[in-house]
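Numbering (the numbering used here), first residue to last: 39 to 227.
Even glycine gets a Cβ: it sits at the ideal position worked out from N, Cα and C.
Quick caveat: nothing in here was measured; it's all calculated off a predicted structure.
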């Protein structure tokens, strides 16, 4: 469907239960998901990029239900959030979210409060008509701060946002992936 995700819960022996379907809303068209514990209760929660509704959704788990109702956070008008990643961008021990806003040509950062809620999105442009599709995170310059790398499909390049350790990022660096290559995935290792 265009407004749900399917979760296959594992039995711990390599087998899975039948898919459980969770709604993300009518015509949200979820395009990416990340799983981690946003509210520090020991249970894995979900963040979903709802590309057609210009938001990301957080679904928290608790003891009474496998996955709670979705709480949404705007990524901006006509942003088309395409992918999400999770890391601690400000070194406070709480998980934060980065989202590639493909149509808005930027990466949004939502700093987490450790209770399942987040600050308003801060924007980092990826270049005119860049169309960032996927992002990956890691410490690429070995300064002990998390950096973000974006695969910019429309401009056939990748860009790097260097993390400062306080939740902000410095000037971008761009690297061509070859004319017409249109990168659509990226990994850091």
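Inset, instruction - Evaluate residue 225 with the Cβ neighbour count: other Cβ atoms within 10 Å of its Cβ, from every protein chain shown; 16 or more gives buried, anything less gives exposed. - result: For the purposes of this step, residue 225 is taken as the residue at position 187 of the chain shown. The residue in question, residue 225, is exposed, as its Cβ has fewer than 16 Cβ neighbours within 10 Å.
Inset, instruction - Please state whether DSSP places residue 172 in a helix, a strand or coil. - result: Position 134 of the chain shown, counting from 1, holds the residue named residue 172. Reduced to three states, the DSSP call for residue 172 is strand.
Inset, instruction - Check whether the region 212-225 touches the region 195-204, counting contact only when three or more Cβ pairs, one atom from each stretch, lie closer than 8 Å. - result: The region 195-204 and the region 212-225 touch, with three or more beta-carbon pairs separated by less than 8 Å.
Legend entry - residue 96 and residue 154 closer than 9 Å at C-beta: Translated into positions along the chain shown, residue 96 becomes position 58. Translated into positions along the chain shown, residue 154 becomes position 116. Less than 9 Å divides the Cβ of residue 96 from the Cβ of residue 154.
Inset, instruction - Name, in chain order, the residues that DSSP records as bridge partners for residue 68. - result: As a position in the chain shown, residue 68 is number 30, starting the count at 1. BP columns for residue 68 point to 88.
Inset, instruction - Please list, in chain order, all residues of the same chain as residue 67 whose beta carbon is under 6 Å from its beta carbon, the five residues on each side excluded. - result: Here residue 67 corresponds to residue number 29 of the chain shown, with the count starting at 1. Cβ neighbours of residue 67 beyond the five flanking positions: 40, 89, 90.
Inset, instruction - Using beta-carbon positions only, say whether residue 173 and residue 157 come within less than 9 Å of one another. - result: For the purposes of this step, residue 173 is taken as residue 135 along the chain shown, with counting starting at 1. For the purposes of this step, residue 157 is taken as residue 119 along the chain shown, with counting starting at 1. Not in contact: residue 173 and residue 157 (Cβ atoms no closer than 9 Å).
Legend entry - Run of the beta strand (DSSP E) containing residue 119, from where it starts to where it stops: As a position in the chain shown, residue 119 is number 81, starting the count at 1. Segment 119-125, the beta strand (DSSP E) holding residue 119.
Legend entry - Per DSSP, cross-strand counterpart(s) of residue 163: Translated into positions along the chain shown, residue 163 becomes position 125. Its beta-bridge partners are 144.
Legend entry - Whether residue 92 touches residue 112 by CB criterion (9 Å): As a first step, residue 92 is located in the chain shown; it is residue number 54 there, counting from the start. As a first step, residue 112 is located in the chain shown; it is residue number 74 there, counting from the start. Yes.
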